[in-house]
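There are 2 protein chains.
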Amino acid sequence: MIRTNLAILSFIEQTLTSEEKEDRVFLKGYAPGEHLLMQGQGNKYVFIQKEGISKCYITEANGKEFIIEFLGEGELMGEIEIIRKTKNVTSIAALTPVTSYCITYDFFSKLMTQYPVFNQLLLQALAARVSETSARASYQQIYPAEYTMMKLFSLLANQQVVLPKKDLADYLAVSLRSFNRTIKQLREKRILSPHSFDLYIDGKMMDKLLLEYDQES
Amino acid sequence: MIRTNLAILSFIEQTLTSEEKEDRVFLKGYAPGEHLLMQGQGNKYVFIQKEGISKCYITEANGKEFIIEFLGEGELMGEIEIIRKTKNVTSIAALTPVTSYCITYDFFSKLMTQYPVFNQLLLQALAARVSETSARASYQQIYPAEYTMMKLFSLLANQQVVLPKKDLADYLAVSLRSFNRTIKQLREKRILSPHSFDLYIDGKMMDKLLLEYDQES
DNA sequence: TATGGTATGAGACAAATGTCCCGTTTTTTT
DNA sequence: AAAAAAACGGGACATTTGTCTCATACCATA
Chain A
0 MIRTNLAILS
10 FIEQTLTSEE
20 KEDRVFLKGY
30 APGEHLLMQG
40 QGNKYVFIQK
50 EGISKCYITE
60 ANGKEFIIEF
70 LGEGELMGEI
80 EIIRKTKNVT
90 SIAALTPVTS
100 YCITYDFFSK
110 LMTQYPVFNQ
120 LLLQALAARV
130 SETSARASYQ
140 QIYPAEYTMM
150 KLFSLLANQQ
160 VVLPKKDLAD
170 YLAVSLRSFN
180 RTIKQLREKR
190 ILSPHSFDLY
200 IDGKMMDKLL
210 LEYDQES
Chain B
0 MIRTNLAILS
10 FIEQTLTSEE
20 KEDRVFLKGY
30 APGEHLLMQG
40 QGNKYVFIQK
50 EGISKCYITE
60 ANGKEFIIEF
70 LGEGELMGEI
80 EIIRKTKNVT
90 SIAALTPVTS
100 YCITYDFFSK
110 LMTQYPVFNQ
120 LLLQALAARV
130 SETSARASYQ
140 QIYPAEYTMM
150 KLFSLLANQQ
160 VVLPKKDLAD
170 YLAVSLRSFN
180 RTIKQLREKR
190 ILSPHSFDLY
200 IDGKMMDKLL
210 LEYDQES
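Respectively, the protein sequence lines represent chains A and B. Each residue of the first sequence is one higher than the one before, counting from 0 in numbering that gives the first Met the number 0. Each residue of the second sequence is one higher than the one before, counting from 0 in numbering that gives the first Met the number 0.
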């Protein structure tokens, strides 16, 4: 649920030489709340996050936010827009203190076209993004909030970070009220621990509950 | 809403020579209802649709289907799985009679790595897919069915095909009942024409209605 | 330490959506 | 043409989710 891409980070840090990176790749820090990228604007760099957690989100015309994904170590940002030559489709904001590599437009183009290893990593990253985005879109729209929240908590358990509830609600595309309500229900059902997001049940048990909920098309 | 990719189709048909395609690229026909690809299975070919319309969908554990997108002329299928070396994440089924190029695994790999023009087309296709999938996931989850349906109908107007209601409902991830109910409401409000899916209002008017619906975060 | 801002938690009610069901229409198959 | 199958349309009711609102806790910093 917090996406990472260690292979691409390692390519930038280990494979590229200092000479290659000179004037083309540099590190920059962002405080929580600060934006790396703003929806609707153009951007000059492609980013590869080195440390911290950020959120990639879309702001709809009515002001509501939908979080596409949380980004962690090594995640690429802004490459879609450069490949497609469009304005940013999403905004990206730091949630924790973030440091990120900034890669100039020209050098990114060069990496993409003249470095087969990088090209391959890029294809992998894009393909992974397509399938994960699709899988999540499907899952979230088809199951009720109770199940998507259980899934979210099970994923969250593998992380050490604490994300604000509003962001978790935006990730699931439910109102904060629904989010809280469902937490309460899960606690009443003894599925969720009283003061944390720890689940009392495991993946298998979850699948069982899931199937309980109906069987036909 | 029915995605196409004429550039990649033209590459296959015009740019590649017959010798290059020999034994590696061939045409195949599919009757409505027939599958090009099944979720969970491996597949041997990458497909590029030449004619017809198909649906790309995910079947969830409870049997419900979510349609990721409708595919038209030139759309690529199965490339994600080959790039990631995974089983199929989606199923693809013909809705109308479909003819599609089948490209062998090996030749697709070669196209990807040794044909810069194709490589570029592939990057473009993946990038487009990421942004469109994200944009739609956001839009559909954030707005009520009434608005997503208006959007759907406005997109549908540019197509000549008639798609089954069940499929349209699956695309929006709502039940058929909700779909019908909302059609009825839109007709009562004189937004939708009585016996077709033609809207009486245009894009600007839609945006206005959309904004009506709330303004803050 | 006061004070505003933000995160949290939840009651009450309204709106949206799903489930179940039944009857009709259309299409396909025999 | 008859029968079977699939698509369509909608009533009645239950469930889910959102909106509005108020109250409390926590954190920052003036």
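For every residue, glycine included, the Cβ atom is placed at its ideal position computed from N, Cα and C.
- Listed in chain order, the non-local C-beta contacts of glutamate 145/A below 6 Å within the same chain comprise Thr181, local neighbours out to five positions each way being set aside.
- Residue environment for arginine 189/A: exposed (fewer than 16 other C-beta atoms within 10 angstroms of its C-beta).
- Secondary-structure assignment with DSSP links arginine 2/A through a beta bridge to Leu70/A.
- Closer than 8 Å to the CB of phenylalanine 10/B there is not a single CB belonging to chain A.
- Its chain contains no residue whose beta carbon lies nearer than 8 Å to that of isoleucine 141/A once the 5 sequence neighbours on both sides are disregarded.
- Below the 7 Å Cβ cutoff, chain B contributes no neighbours of isoleucine 102/A, its closest Cβ being approximately 16 Å away.
- Phenylalanine 106/B places its beta carbon less than 8 Å from that of valine 24/B.
- Serine 174/A is outside the set of residues whose beta carbon lies under 8 Å from a beta carbon in chain B.
- Taking C-beta separations shorter than 7 Å and ignoring five residues to either side along the sequence, the partners of serine 53/A in its chain run Leu35, Leu70, Ile91, Ala92, Ala93, Leu94 and Val97, following chain order.
- For alanine 6/A, not one C-beta of chain B is nearer than 8 Å to its own C-beta.
- The stretch 54 to 69 of chain A makes contact with the stretch 157 to 170 of chain A, as at least three CB pairs between them are under 8 Å.
- In the structure shown, tyrosine 114/A falls within a coil segment according to DSSP collapsed to helix, strand and coil.
- Distance between glutamine 40/B and lysine 84/B, taken at the CA atoms: about 12 Å.
- Serine 177/A is outside the set of residues whose beta carbon lies under 8 Å from a beta carbon in chain B.
- One alpha carbon belongs to threonine 132/A, the other to glutamine 119/A, and they sit about 20 Å apart.
- Take asparagine 179/B, set aside five residues on each side of it, and the residues of its chain with a beta-carbon closer than 8 Å to its own are Lys164, in chain order.
- Around the Cβ of asparagine 157/A, a 10 Å sphere holds fewer than 16 other Cβ atoms; the residue is exposed.
- Pairing methionine 37/A with proline 31/B, the inter-Cα distance amounts to about 43 Å.
- Just so you know, the alpha carbons of glutamine 139/A and threonine 58/A end up roughly 18 Å apart.
- The alpha-carbon of arginine 176/A is positioned some 11 Å away from that of lysine 183/A.
- In the structure shown, serine 130/A falls within a helical segment according to DSSP collapsed to helix, strand and coil.
- In its own chain, leaving out the 5 sequence neighbours on each side, no residue places its CB closer than 6 Å to the CB of threonine 16/B.
- The C-beta distance from lysine 49/B to leucine 26/B rounds to 7 Å, short enough to meet the 8 Å contact threshold.
- Note that the C-beta distance between valine 129/A and arginine 2/B is not below 8 Å.
- Considering only Leu208/A, Gly28/A, Lys203/A and Gln123/A, the residue with the shortest C-alpha distance to threonine 112/B is Gln123/A.
- Taken in chain order, the complete beta strand (DSSP E) segments of 3 residues or longer contained in the stretch 27 to 85 of chain B are 34 to 36, 44 to 50, 53 to 58 and 64 to 70.
- Taking the Cα of serine 174/B as reference, the smallest distance to any Cα among Glu74/A, Tyr56/A and Pro143/A is reached at Pro143/A.
- Shortest Cα-Cα distance from glutamate 68/B to any of Asp197/B, Leu162/B, Glu18/B and Ile200/B involves Leu162/B.
- Contact with chain B is found for leucine 125/A, since one of that chain's Cβ atoms lies less than 8 Å from the residue's Cβ.
- Using a Cβ-Cβ cut-off of 8 Å, proline 115/A counts as an interface residue toward chain B, since at least one Cβ of chain B sits closer than that to its own.
- A straight-line Cα-Cα distance of about 5 Å links leucine 191/A and leucine 185/A.
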